[in-house]
Structure formats: structure tokens, C-alpha cells
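> Chains S and X supply the protein sequences, listed in that same order.
Here the first sequence is numbered in this note's numbering, starting from 397 and rising by one per residue.
Here the second sequence is numbered in this note's numbering, starting from 6 and rising by one per residue.
The C-beta atom is built at its ideal place from N, Cα and C for all residues, glycine as well.
Quick one: the structure is below, and I'll ask about it shortly.
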Amino acid sequence: MNVRALFLIPLFWALATMAAAQGFAGLGQTSDGFDLPDPETRFVFPQDHGAHNGYRIEWWYVTANLEAADGTPYGIQWTLFRSALAPGGAEADQAWMAHAAVSTPGGHLYAERFARGASGQAGVTAAPFDAFIDEWQMVGPDLNDLRLTAQGTDFHYDLKLDADGPFILQGDAGYSVKSEAGQASHYYSQPFYQVTGTITLEDGPVEVTGRAWLDREWSSQPLEETQTGWDWFSLHFDSGEKMMGFQVRDEDGSVYTVGTWIDADQSSQALTPDQLRITATAWSDVAGRRIPTTWELELPDRDLSITTTAIYPDSWMGTLVSYWEGPVTVTGTHPGIGYLEMSGY
Amino acid sequence: MTGAVLSALLSHWRRRPFQLVTLVLGLALATALWSGVQAINAEARKSYDAAADTLTGGGLSNLVHLDGSIPHETFIALRRAGWLVSPVIDGWISAQGGRVRLLGIDPYTAPGDSTIGAAIGPDSIGEVVGAEGAILTNATTAARLSALERPVNVSNGLAPGIALADLSVAQVITGQSGYSRLILLPDQPLIRPPLESIAPDLTIERPETAEDLGRLTDSFHLNLTAFGLLSFAVGLFIVNGAVGLAFEQRRPMFRTLRALGATSRRLVIMLVLELLIFAIVAGALGIVLGYLIASLLLPDVAATLRGLYGATVEGALTLSPLWWLSGLAIAVAGTALASVSGLIQVARMPPLAPAKPRAWAMVSAGTMRWQLSLAGGAFAVALLAMVLGDGLVSGFTLLGGFLIAAALALPSVLAVLLALLSRFGKGPLVTWFWADTRQQLPGLSLALMALLLALAANIGVGTMVASFRATFTGWLDQRLVSDLYVTVASVAESSLLQGYAVENGVVVLPIWHTDGDVLGAPAEIYGVVDHPVYSDNWPLLSSLPDTWPRIAAGEGALVNEQLARREGLSPGDPLPLPGGWETVILGVYSDYGNPLGQVVLPFAVLTARYDDVDRSDFGLLTDDPDALRAALTGDLGFAEDQMVDQRALKAFSMQIFERTFAVTGALNILTLSVAGVAILTSLLTLSAMRLPQLAPVWALGVTRATLARIELIRALVLAALTFVLAVPVGLALAWVLLAVINVEAFGWRLPMQIFPMDWLWLGLASLAAAGLASLWPARQLARRAPADLIRVFSHER
Numbered sequence: 397m398n399v400r401a402l403f404l405i406p407l408f409w410a411l412a413t414m415a416a417a418q419g420f421a422g423l424g425q426t427s428d429g430f431d432l433p434d435p436e437t438r439f440v441f442p443q444d445h446g447a448h449n450g451y452r453i454e455w456w457y458v459t460a461n462l463e464a465a466d467g468t469p470y471g472i473q474w475t476l477f478r479s480a481l482a483p484g485g486a487e488a489d490q491a492w493m494a495h496a497a498v499s500t501p502g503g504h505l506y507a508e509r510f511a512r513g514a515s516g517q518a519g520v521t522a523a524p525f526d527a528f529i530d531e532w533q534m535v536g537p538d539l540n541d542l543r544l545t546a547q548g549t550d551f552h553y554d555l556k557l558d559a560d561g562p563f564i565l566q567g568d569a570g571y572s573v574k575s576e577a578g579q580a581s582h583y584y585s586q587p588f589y590q591v592t593g594t595i596t597l598e599d600g601p602v603e604v605t606g607r608a609w610l611d612r613e614w615s616s617q618p619l620e621e622t623q624t625g626w627d628w629f630s631l632h633f634d635s636g637e638k639m640m641g642f643q644v645r646d647e648d649g650s651v652y653t654v655g656t657w658i659d660a661d662q663s664s665q666a667l668t669p670d671q672l673r674i675t676a677t678a679w680s681d682v683a684g685r686r687i688p689t690t691w692e693l694e695l696p697d698r699d700l701s702i703t704t705t706a707i708y709p710d711s712w713m714g715t716l717v718s719y720w721e722g723p724v725t726v727t728g729t730h731p732g733i734g735y736l737e738m739s740g741y
Numbered sequence: 006m007t008g009a010v011l012s013a014l015l016s017h018w019r020r021r022p023f024q025l026v027t028l029v030l031g032l033a034l035a036t037a038l039w040s041g042v043q044a045i046n047a048e049a050r051k052s053y054d055a056a057a058d059t060l061t062g063g064g065l066s067n068l069v070h071l072d073g074s075i076p077h078e079t080f081i082a083l084r085r086a087g088w089l090v091s092p093v094i095d096g097w098i099s100a101q102g103g104r105v106r107l108l109g110i111d112p113y114t115a116p117g118d119s120t121i122g123a124a125i126g127p128d129s130i131g132e133v134v135g136a137e138g139a140i141l142t143n144a145t146t147a148a149r150l151s152a153l154e155r156p157v158n159v160s161n162g163l164a165p166g167i168a169l170a171d172l173s174v175a176q177v178i179t180g181q182s183g184y185s186r187l188i189l190l191p192d193q194p195l196i197r198p199p200l201e202s203i204a205p206d207l208t209i210e211r212p213e214t215a216e217d218l219g220r221l222t223d224s225f226h227l228n229l230t231a232f233g234l235l236s237f238a239v240g241l242f243i244v245n246g247a248v249g250l251a252f253e254q255r256r257p258m259f260r261t262l263r264a265l266g267a268t269s270r271r272l273v274i275m276l277v278l279e280l281l282i283f284a285i286v287a288g289a290l291g292i293v294l295g296y297l298i299a300s301l302l303l304p305d306v307a308a309t310l311r312g313l314y315g316a317t318v319e320g321a322l323t324l325s326p327l328w329w330l331s332g333l334a335i336a337v338a339g340t341a342l343a344s345v346s347g348l349i350q351v352a353r354m355p356p357l358a359p360a361k362p363r364a365w366a367m368v369s370a371g372t373m374r375w376q377l378s379l380a381g382g383a384f385a386v387a388l389l390a391m392v393l394g395d396g397l398v399s400g401f402t403l404l405g406g407f408l409i410a411a412a413l414a415l416p417s418v419l420a421v422l423l424a425l426l427s428r429f430g431k432g433p434l435v436t437w438f439w440a441d442t443r444q445q446l447p448g449l450s451l452a453l454m455a456l457l458l459a460l461a462a463n464i465g466v467g468t469m470v471a472s473f474r475a476t477f478t479g480w481l482d483q484r485l486v487s488d489l490y491v492t493v494a495s496v497a498e499s500s501l502l503q504g505y506a507v508e509n510g511v512v513v514l515p516i517w518h519t520d521g522d523v524l525g526a527p528a529e530i531y532g533v534v535d536h537p538v539y540s541d542n543w544p545l546l547s548s549l550p551d552t553w554p555r556i557a558a559g560e561g562a563l564v565n566e567q568l569a570r571r572e573g574l575s576p577g578d579p580l581p582l583p584g585g586w587e588t589v590i591l592g593v594y595s596d597y598g599n600p601l602g603q604v605v606l607p608f609a610v611l612t613a614r615y616d617d618v619d620r621s622d623f624g625l626l627t628d629d630p631d632a633l634r635a636a637l638t639g640d641l642g643f644a645e646d647q648m649v650d651q652r653a654l655k656a657f658s659m660q661i662f663e664r665t666f667a668v669t670g671a672l673n674i675l676t677l678s679v680a681g682v683a684i685l686t687s688l689l690t691l692s693a694m695r696l697p698q699l700a701p702v703w704a705l706g707v708t709r710a711t712l713a714r715i716e717l718i719r720a721l722v723l724a725a726l727t728f729v730l731a732v733p734v735g736l737a738l739a740w741v742l743l744a745v746i747n748v749e750a751f752g753w754r755l756p757m758q759i760f761p762m763d764w765l766w767l768g769l770a771s772l773a774a775a776g777l778a779s780l781w782p783a784r785q786l787a788r789r790a791p792a793d794l795i796r797v798f799s800h801e802r
């Protein structure tokens with residue numbers, strides 16, 4: 397996926413490292429001393445579920461479409477970001493940031509946390525799997541069998557995630573290219589989670605079930621200097637098929653679009669640039685900005701023509717680095733549900 | 006027409022530049038003192054707010070460990086349980102001109118909307134985080150840290166005397182490994198286990214807010230404000246005198262202008278315009294002067310506040326535009342107040358009215374009655390404040406009401422006194438002297454009120470300061486019983502010291518203490534050993550019989566006056582103490598200068614009841630403190646800064662004290678000189694008006710020189726009478742300051758002591774001021790051309 401998280405990083409980076417005015421373009425900077433993504437790399441699990449401190453940035457990113465017994469839809473997000481302040485991979489040089497959110501009919505609730513590396517306040521171990529910051533936790537025995545918890549002042553969730561399918565390697569065997577110039581990251585997903593658990597809001601607990609999607613990504617300079625933001629989709633179709641697709645917007649108005657198609661039999665194919673067309677068709681005023689909350693996606697090769705509509709258009713993350721992230725419904729040739737992230741608006 | 010009227014009016018000032026100078030000077034002085042004091046107060050309050058914000062994370066609660074530092078593991082355990090806390094290392098860095106408070110913070114978890122969060126934003130975080138990170142201070146403090154071999158970045162939002170740094174930097178500088186406290190963030194997550202289940206040895210501490218510091222320092226600022234107001238009032242008397250003089254001298258001009266067709270409305274508008282111009286010019290001048298006064302006094306004020314309350318205040322002024330504007334506004338308002346009566350007279354004056362100075366005086370007799378009833382009202386307000394009121398504000402209402410009443414009643418009282426005195430006079434000249442003095446009283450009354458206020462303030466504040474000094478020095482002598490005070494750094498040093506003392510026949514008195522909440526407020530709890538030095542020296546305000554033997558036997562406790570007054574305690578009352586036990590109060594002792602409540606227990610009781618006693622301080626009794634000091638540093642290896650001798654401690658205490666009152670002293674002198682100028686302007690006003698009354702006396706054969714001498718004597722008589730009246734007013738003022746204001750502000754009451762010798766000097770000073778002020782008008786009279794006096798008989802007046 398997750399070009400989405402990339403946009404978060406520059407600011408997080410600014411926060412965690414220095415370089416006052418580096419802004420989003422920071423991701424396009426040189427990566428002196430940091431490890432660089434290599435197309436020849438093949439993932440080894442469970443080791444690669446853990447942190448790659450030699451790379452500048454990395455994240456563990458879960459989104460879930462959930463539903464209460466009465467049919468009310470909810471969305472949740474759980475994200476842990478790692479950012480290295482200096483090359484070399486030392487624990488003390490790592491900085492951690494995390495976001496958690498619940499999209500509800502009553503509003504979008506979110507929280508964020510920060511932690512110093514090597515303090516014991518945040519970290520990730522690959523086996524048995526455990527990613528945590530403060531009391532927020534994504535803990536295994538392994539990455540296919542997780543318990544996910546987080547909370548803010550007005551929400552708390554405690555979810556059980558069980559995967560009934562394989563990890564999907566994005567791009568070319570997990571080597572995911574983000575621009576014409578070849579910026580890339582290592583990227584794999586687990587889109588096959590079944591979820592059960594409890595969301596607690598101020599009115600009390602709500603039992604929920606649904607589907608979740610995990611993205612794992614690490615890199616050192618994943619974006620071009622001129623790229624300004626992106627629109628990222630993870631979609632579960634009723635047919636059992638799934639699709640990940642995103643476009644990275646350039647300041648000159650052009651876009652770089654890629655994705656992955658996942659068949660009902662759980663096999664996947666990378667979509668080549670420009671195979672997928674993504675177009676905004678309706679906008680909402682959210683947090684003082686104009687955000688596209690209805691999109692049309694066209695994938696002629698698979699006779700796909702769908703419309704995604706934000707379930708809760710106010711799903712704005714007013715965190716230090718702000719962006720839109722929330723559940724969507726899918727209508728058209730391939731009805732279903734999914735998650736949308738939009739940055740740079 | 007308008008232009009012609011204005012230029013005619015202004016021509017007066019061209020001909021009498023000295024009058025213009027007095028008007029502008031009076032107004033400028035009034036504005037200067039007022040705005041100077043306001044500037045000092047504003048600066049101090051800003052510093053309190055900033056300091057309290059930074060030190061506490063902006064009014065947030067803290068988790069503290071009663072016995073010391075909090076380990077990193079406890080911080081992590083709390084975070085991992087869902088308690089949003091942020092660690093702080095609280096220490097000191099030595100710097101030029103004293104040490105600087107160092108706060109080591111964790112930018113990752115620090116509350117974002119606090120001063121700390123604002124100081125380390127995303128922009129500067131990279132320069133701050135890490136063991137090589139920069140220290141943040143404001144520009145003044147940065148200059149004091151220039152010797153530090155670390156990067157220091159300037160962040161001007163920070164309070165003076167405070168440095169912020171990353172935890173890892175603070176750990177290196179202070180050598181602390183644990184945390185001093187954990188800031189409890191205001192927004193906590195939904196589900197948290199109770200604190201006891203994670204960190205049972207931590208407690209939540211309510212924030213120390215700017216208001217706490219404000220409450221402590223309130224009395225000080227109210228004192229300053231009261232002085233500012235007083236000076237402003239006195240300054241207005243000058244303005245009133247100058248404006249009255251200008252109006253009086255221009256009566257013929259007003260008449261002419263009215264006769265030429267200027268309406269009284271236009272005339273008044275033009276006069277208002279004229280005064281407005283003067284007010285703005287003088288106000289601007291006053292603000293500049295106020296700035297100068299404030300910047301001259303501020304270092305002393307800052308030193309006082311630091312010494313008395315530990316409040317850091319920036320030694321340099323930064324003022325808002327609002328301050329400048331409010332200074333101008335107060336100048337304009339003051340001018341309006343001082344000239345309203347003159348303007349009303351001009352507006353009501355018939356176009357061709359003959360000048361009738363005596364008639365003015367008659368009108369003033371009515372004014373006097375009116376003033377007397379106002380005085381009664383002000384006195385009633387003062388009484389009400391005393392009977393019903395509670396707290397500092399009502400204390401100052403009492404003070405203000407009483408002073409206003411005294412000032413307003415002055416002309417009536419003087420009139421009665423003059424009437425009484427005139428009975429003793431025989432002979433035409435003497436009779437004329439008393440009659441003429443009474444006639445002049447209304448014209449001089451404002452200046453005399455100013456003098457009364459200045460003298461009363463001088464006597465009142467002088468008595469308070471002298472009482473304080475006498476009591477305080479006596480108390481220091483008694484209270485500082487030990488000759489040398491030593492702080493040990495370890496248990497080893499402690500036994501070394503005690504061993505040495507036994508060998509050399511030096512008496513060691515442990516001054517051990519612990520802190521705790523007594524009756525709901527923080528207090529210090531000390532222990533005393535059984536030694537005659539205490540029973541011989543400690544001043545007790547009230548006590549049960551056999552206090553010291555009972556303390557020696559381990560019964561009961563002593564409390565300081567502050568605690569006793571705050572809680573209404575007296576000897577014999579039960580006293581609940583931390584740890585859930587109770588003892589009985591055997592006595593109350595005075596404890597000047599301490600903002601906290603204090604309890605003194607028998608030594609054995611203190612150590613038996615409390616585990617966390619600070620055992621590092623000792624007092625030593627010796628005949629030769631210098632030799633003992635030399636022995637301790639030489640043989641036992643104590644550091645110089647572990648020891649303070651009694652003399653140094655006394656000198657330090659007295660230094661704080663003197664500085665506190667240096668400011669009031671300076672304001673006192675200023676007020677008195679302003680009153681002198683007020684007398685001068687009033688006399689000048691009168692001298693012009695009085696020519697018609699003096700001319701007949703001159704014509705009857707009294708020489709101009711004699712008349713001038715009589716004028717001088719009159720001023721001296723009036724000043725002397727005012728001074729005599731000022732003494733009881735000043736003493737009453739002193740009583741209010743000592744028995745009401747001080748008790749409210751500090752929680753202790755000082756015995757009032759009277760120093761008549763000081764009054765003698767003050768009386769001479771006031772006579773000198775009045776004499777000097779009347780010298781020039783008298784000289785003018787002595788040199789007056791006889792033609793002027795003759796002209797009175799032909800003049801239409």
C-alpha cells in the first residue's frame with residue numbers, strides 16, 4: 397500500500413530529526429548512510445515482520461472495516477511509525493510515532509503518541525510478534541494471529557485479527573516503485589484478516605466483526621521531490637476479490653498510479669502504471685479543506701468500473717501530520733467495502 | 006474666531022513659561038509615578054506566569070515520589086499502562102550572577118500546548134534532542150550561560166532564569182539518573198488502571214500556579230500600586246494648582262474674549278482643547294519618565310522578589326503598547342479631573358463679571374462643608390471595610406478610605422484650629438494675619454492635602470519599616486542561635502561532624518526536618534533537641550506553662566504564627582499531623598519572612614514518626630566560628646559552601662529586607678517632593694490673586710519686606726499645623742499596615758514601635774519644603790513694584 401504513510405513521514409521526520417523547512421520534499425532527499433531498497437531482496441518471515449533500523453522509515457499499518465450487530469458501520473486505524481534520526485541502526489537513534497482512530501456515526505475519534513527509541517516506551521519484536529507504543533499494542537503469537545488494542549480520551553478498542561490467507565507481496569516481489577524516477581520501498585500486505593472484538597466509546601462498548609488489512613513498508617527515500625500527496629485505496633469486493641491501488645500526485649498535475657489485484661483464489665498480480673484510472677467526482681468540506689470523498693475507479697482490463705463513497709466524510713486525522721483516513725462503500729461492477737487514505741490536501 | 010481665541014489663550018503660556026513648566030511637570034510626574042509602578046507590576050506578573058507555566062507545564066498536576074527521584078522503569082510502567090505522563094529532571098546550572106534552573110524534559114511526551122511544548126516545536130526539536138542537544142533559554146539567561154561548553158539556543162518565550170534541555174542533556178549536566186517528577190498530561194485515555202496498582206509510591210501533586218506565587222507577592226504589588234496612586238493624586242494637586250492659576254490670571258482675558266463675541270461654550274471648548282494638548286504632551290513625557298523610574302527600580306524589585314519569595318523576575322522591561330496608551334489615558338483623565346472645577350467656573354461666569362477673589366473664597370466655604378461630608382462618607386467606607394471586610398483588598402480599602410477622609414477633612418480642621426489660634430493674637434497686624442490665613446485656606450487646601458498625604462504616608466510607612474527592622478533584627482538575633490550552620494552531604498560526613506564535635510566540646514544541634522501537609526496546606530516539620538539555647542532564645546508569642554520542659558519530655562509541638570493565624574490555632578489546641586496522628590500545641594512562635602506553615606516537634610518524636618527526615622543540616626555552637634570553620638574545612642574536608650556562619654546569614658536576611666524597603670523609601674521621597682511642588686504652585690496662584698488684599702495693608706504702612714516675611718511665616722505655620730495633623734494620620738496608617746495589611750499578606754503581625762525622632766526630621770523636612778516653596782513668592786512680593794500695589798486702587802478689580 398501505503399504510499400499513504402509516506403506522506404506522513406516527512407513531517408514526522410522533521411519533528412524527529414531536524415531540518416526545519418524540509419517539508420514533504422524531505423523524503424526525496426539523499427539517504428546517505430541509510431540502507432536502500434534492493435529489487436533482489438527476498439523477504440524472510442518472521443524476521444521481516446520486525447524493524448529494519450538500517451532504513452530511514454518504516455511502518456506497521458492496520459485498517460479495518462467493522463460492523464456492529466445492528467449493521468452500523470465502523471472503521472478503525474492502528475499505525476506505528478519508526479523513523480531513524482541517524483544511519484547505523486542503533487536503537488537509541490530511532491524515534492517512534494503512532495496514530496489510532498475510530499470512525500463512528502457520532503464522529504471521527506483519534507489519538508497520537510510519540511516515543512524515544514531505546515526507552516522501552518515503544519518497539520517491535522518479530523517473533524513472537526509484538527509491536528507497541530505505550531499501552532497500544534499489536535501483539536501475536538505471529539502476524540496472522542493478532543490482538544490489536546489502542547485508545548484515546550474518548551475511545552478504546554480491543555480486536556482479535558485472524559488471517560485466512562497468505563501475505564501479498566506488492567510490486568515486484570515486494571519491491572514497490574513509487575515514481576517514474578524509480579523511488580521505491582519494500583512493501584507487503586496481509587489483506588485476509590477476519591476481525592472480532594469490542595470498540596468502547598463514551599456511550600459504552602460495541603461488539604463488532606469485519607475485515608482488516610495490514611501494510612508493512614520500509615524505505616529510505618521513497619518519494620520524488622515534486623510529489624505532493626496521494627490517494628490510496630484498499631478494497632474488499634463481495635466477490636472475494638481484493639484490490640490495492642494508489643495514485644501519487646505530482647505538483648505539475650500528473651499522477652503515478654499503481655496497484656495490485658488479488659483474485660478470489662488469493663493469488664495476486666501487480667497492476668502496471670496507468671492500468672488503473674482514479675478520478676475524484678464529489679467533494680466535502682472537512683476541517684476547513686475541500687476533500688474528494690467520492691471517487692470513480694476504472695480498470696478496463698478487468699471490466700471494473702466502481703464508485704467509492706466515504707461512509708463518514710469527517711474522517712479527518714487532525715494529528716501533528718494531518719490527513720484523511722476512513723472507511724468507504726463500493727458500488728458499481730464490483731460492490732464491496734474498503735479503506736481510503738488521502739494526503740496532501 | 007476659533008483660531009483667534011486659541012491663540013489668545015495660548016499667548017498666556019508664552020508670557021508665563023514657568024507656569025507652563027509646572028503644569029507639564031506636575032502632570033508628567035503624576036503620570037510617571039503611576040505608569041512606572043504599573044510597568045513594574047506588569048513585568049513581575051508576566052514573569053510569574055511564564056515561570057509557573059514552564060516549571061509546572063502550565064498548571065498541570067505532577068506525579069512525585071516523596072523520597073526522591075522516580076526511576077525510568079516506573080515512567081515506562083506508567084506509560085505502558087495507559088498513564089500519559091512526561092518525565093522532568095529538575096536541576097540547576099551554575100551561571101554568571103547565580104545559578105539557573107535547568108529543566109530536562111522529554112519532547113516526545115511533553116504536553117504539546119504548554120510553554121515547554123511551545124518552546125520545543127517541530128522546528129527546533131532536532132537541535133534539542135539527544136545528548137549533544139542545545140539548551141534553550143531566553144536571551145538574557147543565554148548571556149549568563151556563555152561560559153557553558155554547550156550550544157545554547159535563544160527561545161524568547163521562556164521565563165528568565167530558566168533553561169530547558171532534552172532529558173539526556175540534563176542527565177549529563179545534573180548527574181541525575183532518575184526523574185524529579187512526571188507531568189500528568191491533562192487528557193488521559195479512556196481506560197487506565199488505578200495509580201496504586203502500577204506505582205504505589207507515587208502521589209499526584211496539585212500544580213503550583215502563577216496564582217500561588219501571585220498570592221504571595223500580592224501584598225508587595227499592592228503596596229507599590231498604593232504608592233503609585235498616592236503619587237498620582239499628589240501630582241494632580243499640582244496640575245489643579247497650575248490650571249487654577251492660569252484660569253485666575255486669564256479672567257480679564259476671558260472677559261475680553263466674551264465681550265468680543267466668543268460664546269462661553271466656545272471658550273470652554275477651546276480651553277478643553279488647550280488642556281488636551283498639554284495632557285498629551287505631558288502624558289508622553291510622563292510615560293518616558295515612568296519607563297525610566299521603572300527600569301531604575303526594577304532590579305531592586307526583582308532582587309526583593311527573588312529573596313522573599315523565590316520569584317524570578319526579568320531585570321529588564323518589555324512593555325506592551327497597551328501600557329503606553331493607558332499612561333496617556335491616565336494623564337488625560339487626570340487633567341480632566343484636576344481642571345473640571347476651573348472649567349465649570351469659566352462656563353458659569355457672566356460675561357462682564359468683575360473678578361472677585363474673595364467671592365471665590367466664600368464659595369469655597371460651601372465646598373469645605375461638602376468636602377467634610379465626603380470625608381465622613383470615606384471614613385464610613387473605611388470603617389465598613391474594617392468591620393466587614395476580610396483579605397488584602399478590604400485592607401487597602403480601609404487604608405484608602407481613611408486617607409481620603411483625612412485629606413478631605415483637613416481644610417475644615419485647619420479652619421477650626423486657625424480660629425482657635427486667632428483668639429490668642431492681639432494687635433491689628435496679628436489679627437489680620439490670622440484672618441488672612443483663613444481667607445487663603447481654601448486656595449491652599451489642595452496643596453495642604455497633598456502635603457498631609459505625603460507626610461502621613463511617610464510617617465506610616467516609616468513607622469512600619471522601622472518597626473519591622475527593630476523586630477526583625479531582634480528576632481534574627483534570637484532565632485539564629487547557632488554560630489555556624491553546616492550542611493552535610495552524606496551519613497559519613499554527618500558522623501564525622503558529630504565525632505569532631507564531641508572531641509572538641511562543640512555543641513551540635515541537628516536541624517532536621519521533613520515536609521508534609523498540615524491542615525491541608527504544605528508545611529515544614531522540624532525537630533528540636535533539648536538544649537537551653539532554645540528555651541533561652543526562642544521568642545514565643547503565646548505558650549502554655551512549662552513549654553520547653555514539656556518539649557524536652559517529648560510532649561506537644563510548637564507552631565509558627567503563620568500556621569496559627571491561618572488555622573485559628575492557639576496553645577492547648579490539638580494539632581493533626583501527617584501520618585495520621587495528633588499532638589497538642591504548646592506554644593506559638595514568630596517566624597517572619599516564611600511563607601509556609603511550620604511545626605516544631607521534640608527531636609525524638611520527629612525521627613520516630615517520620616522515616617523521610619532530611620538529616621543534612623546542623624547548627625554548631627562555638628565561641629570562635631572562624632576557627633571552627635577553618636578546622637572543618639582543613640581537617641575534615643568540608644567544602645566552604647557547606648557552611649554558613651551566623652553573621653553571613655544575618656547579613657543576607659537584612660540585605661533582602663533593606664532592598665524591599667529601598668523601593669518604598671524612594672517612592673516616599675518622590676511623593677514628598679511632589680507635595681512641595683504642589684505648595685509652590687498654589688502659593689504662586691494665590692500671590693497673583695492676593696494683590697488686592699495686600700495692597701490696603703501696604704497702604705496702611707506695612708512694608709513689602711514685612712509682608713513677604715508674613716507670607717513666609719504663614720506658609721510655615723500652615724505646614725507645621727498640617728504636619729501636626731499628619732502625625733496621628735500617619736500612625737493610624739502604620740497601624741493599618743502592620744495590624745491589617747501585613748497579617749493578611751504575610752500571616753504575621755509585627756508589634757508597632759514608635760520612633761518620634763524620625764518625625765522630628767520629617768517635620769523639619771516639611772517645614773523646609775514649605776519654606777522653600779514660599780520663598781520665591783515671598784521674594785516676588787518683596788520686590789513688587791509699588792506701582793503694582795498702587796494700581797490695585799485704580800484697577801477695576
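Quick check on V593 of chain X: buried or exposed, where buried means 16 or more other Cβ atoms within 10 Å of its Cβ?
Its Cβ being crowded by 16 or more others within 10 Å, V593 of chain X is buried.
> Exposed or buried, what is S202 of chain X when buried is set at 16 or more other beta-carbons lying within 10 Å of its beta-carbon?
Burial call: exposed.
> Which residues in chain S have a C-beta closer than 7 Å to the C-beta of R155 of chain X? List them in chain order.
Result: empty, since nearest Cβ-Cβ is about 17 Å, beyond 7 Å.
> Relative to the alpha-carbon of W679 of chain S, which residue among S:G649, S:L700, S:Q665, S:D710 has its alpha-carbon at the smallest distance?
W679 of chain S has its Cα closest to that of S:D710, out of S:G649, S:L700, S:Q665, S:D710.
> In the DSSP assignment, the beta strand (DSSP E) including R353 of chain X goes from what residue to what residue?
From DSSP, R353 of chain X is part of no beta strand (DSSP E) but of the alpha helix (DSSP H) over 326-353.
> Which value, in whole angstroms, describes the spacing of the CA atoms of P198 of chain X and A86 of chain X?
Computed Cα separation, rounded: 7 Å.
> Going by C-alpha distance, which of S:H730, S:E721, S:R512, S:A486 is nearest Y457 of chain S?
When only C-alpha atoms are compared, the closest one is S:E721.
> Count the other CB atoms within 10 Å of the CB of K638 of chain S; is the residue buried (16 or more) or exposed (fewer)?
Buried is the call here.
> Using three-state DSSP, classify P359 of chain X as helix, strand or coil.
Because P359 of chain X carries a pLDDT of 47, less than 50, the predicted location of this residue cannot be relied on, and the following value inherits that uncertainty. Three-state DSSP puts P359 of chain X in coil, outside helix and strand.
> Counting along the chain, where does the beta strand (DSSP E) carrying T592 of chain S start and finish?
Where T592 of chain S is concerned, the enclosing beta strand (DSSP E) stretches over 580-597.
> Run the CB neighbour count on N161 of chain X, radius 10 Å, all protein chains shown included, and call it buried at 16 or more, exposed below.
Result: exposed.
> Quick one: what's got a C-beta closer than 6 Å to H445 of chain S's C-beta in the same chain, skipping five residues either side?
Closer than 6 Å at the Cβ level, and outside the excluded window around H445 of chain S, lie A522, F525, L539.
> Compare the C-alpha of A792 of chain X against each of X:A737, X:Q445, X:L514, X:L696 and name the closest.
Checking every option, the nearest Cα to that of A792 of chain X belongs to X:L696.
> Please classify L342 of chain X: is it buried, with 16 or more other beta-carbons within 10 angstroms of its beta-carbon, or exposed?
Under this definition L342 of chain X is an exposed residue.
> Among the residues of its own chain, which have a CB less than 7 Å from the CB of V534 of chain X, if the five just before and after it don't count?
Result list for V534 of chain X: L514, P515, F608, in chain order.
> Do F588 of chain S and D634 of chain S have their beta-carbon atoms positioned less than 7 Å apart in this structure?
Their beta carbons are not under 7 Å apart, which means D634 of chain S does not touch F588 of chain S by this criterion.
> Buried or exposed for W375 of chain X, please, with buried defined as at least 16 other CB atoms from any protein chain shown within 10 angstroms of its CB.
Per the 10 Å Cβ criterion, exposed.
> Between G109 of chain X and chain S, is any beta-carbon pair separated by less than 7 Å?
Not closer than 7 Å to any Cβ of chain S, the Cβ of G109 of chain X fails to qualify, so no.
> Who are the Cβ neighbours of S540 of chain X in its own chain at under 6 Å, not counting the five residues just before and after it?
Cβ within range, chain order: W553.
> Under a three-way DSSP split, which group does F477 of chain S fall into?
Looking at F477 of chain S - three-state DSSP - the assignment turns out to be strand.
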